[in-house]
Amino acid sequence: MADPIPDSLRQADITRFINRANQLRDFKPAVTYWCEYWVINQILAKQLHNVDDESLAYTTNLMDRLERTKTENAAEEAITDDTVGQAYVEQFAQETFDRAEKVMRANKVTRKTADTYDAAATFFLLGNIWGQIDDETQKKVKYAKWNAARILKAIKEGKDPNESNPKEPEPEEALPSLDPNDPEVMGLASPPPAPTPAQSSVLDLPSVPSGNDANPSVPQYQGYFDPPEQFPPSPLSQTGANDAAAANAPSAPSPFAGSAAPSFSPANPASPWQPPQIPKPTPPPAAPQFKPPASVPQQPKAPVVPISNNSWTPNNGPMDDLDLPKAQKHAKWAISALNFEDVPTAVKELRNALAALGAQ
1 MADPIPDSLR QADITRFINR ANQLRDFKPA VTYWCEYWVI NQILAKQLHN VDDESLAYTT
61 NLMDRLERTK TENAAEEAIT DDTVGQAYVE QFAQETFDRA EKVMRANKVT RKTADTYDAA
121 ATFFLLGNIW GQIDDETQKK VKYAKWNAAR ILKAIKEGKD PNESNPKEPE PEEALPSLDP
181 NDPEVMGLAS PPPAPTPAQS SVLDLPSVPS GNDANPSVPQ YQGYFDPPEQ FPPSPLSQTG
241 ANDAAAANAP SAPSPFAGSA APSFSPANPA SPWQPPQIPK PTPPPAAPQF KPPASVPQQP
301 KAPVVPISNN SWTPNNGPMD DLDLPKAQKH AKWAISALNF EDVPTAVKEL RNALAALGAQ
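In full-length UniProt numbering, the protein residues as written are 1 to 360.
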């Protein structure tokens, strides 16, 4: 049976923790231990044990019980290990808070729900044992206390506390989907046409000069041994400005495909290379003469592609939403859950820890 609380110790920040410790003594001894641990710290910090003999006796008995609990539960890491104990208490506080939230979202709030909110706020405050609680936890404490007071006030006034439950924000209206067959949408989705290259590729078919051409252009020819079709196109098939010409150029003809040979193939197989017969227009008075090369033309060296300075590097820097304290907190909760063989909760908290580190 718990000792009665002396009048000199009946303060809000002490009584509420003693009451919760007594409620959970047979069910959650670890939570009871840390509640009484917090009470002793508050009494000693405020010198309340020296107010009168009754307060001193109560404090002494409480300290003895605290040591006895630690001895009887020597195998309980949530009591003997500060790190595990912190994670255990924070997880239990969150579970209590979630139970109250679930009832409120179902609009089934009762007086018991107010007590659950108040208990969650008390357990969240136990985190001050290991240092000042973070802003997120402080917001949960204020929210839980506000809901507890709101529910009790509505019940006292004879009103339904569910009528004042906070409403969840309505989802934003979704924008209408675009029709993929709409010409305007297709125009936005289609890439711009490739620019027409200023210089023709070496694989382009030679144009037949018309009678009006005074100086017919001499076509360029590929080498004697044509590259097989499965090889990538030669660098000569690319223009110096863009790769668009290679995309539109026909594939290199295969030397084994007789029926599909292009019209500009050599007429005499024995000759390594011979220019095609081009109809000669009426020559002007001083028409230039074309002299074929004496030997097979050497392929020019591939153009040197300038190296872009904008090289891509992976982004290994810290992310904006990186929160190491939050990740550590969820990891501690996961360890505590594993100690109690609560695998689903451990998985959930580990995922929350990864999310806090930026791993999606």
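Heads up, the beta-carbon is just placed ideally off N, CA and C, and yes, glycines get one too.
Endpoints, the alpha helix (DSSP H) within which residue i is located
| i | result |
| --- | --- |
| residue 111 | 111–125 |
| residue 42 | 29–45 |
| residue 65 | 53–72 |
| residue 24 | From DSSP, residue 24 is part of no alpha helix (DSSP H); its letter is neither H nor E. |
| residue 50 | From DSSP, residue 50 is part of no alpha helix (DSSP H); its letter is neither H nor E. |
| residue 349 | 343–356 |
| residue 333 | 324–339 |
| residue 77 | 77–80 |
8 Å contact criterion, which residue i and residue j should meet: CB distance rounded
| i | j | result |
| --- | --- | --- |
| residue 392 | residue 353 | For the chain, the structure presents residues 1 to 360; residue 392 sits outside this window and is missing. |
| residue 160 | residue 144 | Between residue 144 and residue 160 the Cβ distance is about 20 Å, and since that is not below 8 Å, they are no contact. |
| residue 69 | residue 4 | That belief does not hold up - the Cβ atoms of residue 69 and residue 4 are roughly 19 Å apart, past 8 Å. |
| residue 114 | residue 151 | 4 Å |
Chain-order list of residues whose beta-carbon lies under 7 Å from that of residue i (same chain, five-residue window excluded)
| i | result |
| --- | --- |
| residue 34 | 85, 89, 126, 129 |
| residue 141 | 121, 124, 125 |
| residue 6 | 54, 55, 58 |
| residue 326 | 356 |
| residue 52 | 8 |
| residue 20 | 35, 119, 122 |
| residue 134 | 325 |
| residue 343 | none |
| residue 309 | Confidence at residue 309 is low in this model, with a pLDDT of 44, below 50, so the placement of that residue should be treated as unreliable; the coordinate-derived value is given next. There are no such residues. |
| residue 345 | 337 |
| residue 73 | 29, 79 |
Where residue i sits in the DSSP three-state scheme
| i | result |
| --- | --- |
| residue 107 | coil |
| residue 4 | coil |
| residue 135 | helix |
| residue 166 | coil |
| residue 85 | helix |
| residue 157 | coil |
| residue 10 | coil |
| residue 149 | helix |
| residue 100 | helix |
| residue 359 | coil |
Close Cβ partners of residue i (< 6 Å) along its chain, the five nearest in sequence each way excluded
| i | result |
| --- | --- |
| residue 59 | 43, 49 |
| residue 147 | 117 |
| residue 104 | 165 |
| residue 78 | 30, 84, 85, 88 |
| residue 320 | In this predicted model, residue 320 has a pLDDT of only 49, less than 50, meaning its place in the structure is not dependable enough to derive any value. |
| residue 323 | 356 |
| residue 11 | none |
Residues near residue i in its chain [Cβ-Cβ closer than 8 Å; skip 5 each side]
| i | result |
| --- | --- |
| residue 350 | 330, 331, 334 |
| residue 39 | 14, 17, 18, 21, 62 |
| residue 107 | 162, 165 |
| residue 24 | 31, 32, 35 |
Any non-hydrogen atom of the ligand FAD closer than 7 Å to residue i Cβ
| i | result |
| --- | --- |
| residue 34 | In the structure on display, the ligand FAD does not appear, and there are no ligands present to speak of. |
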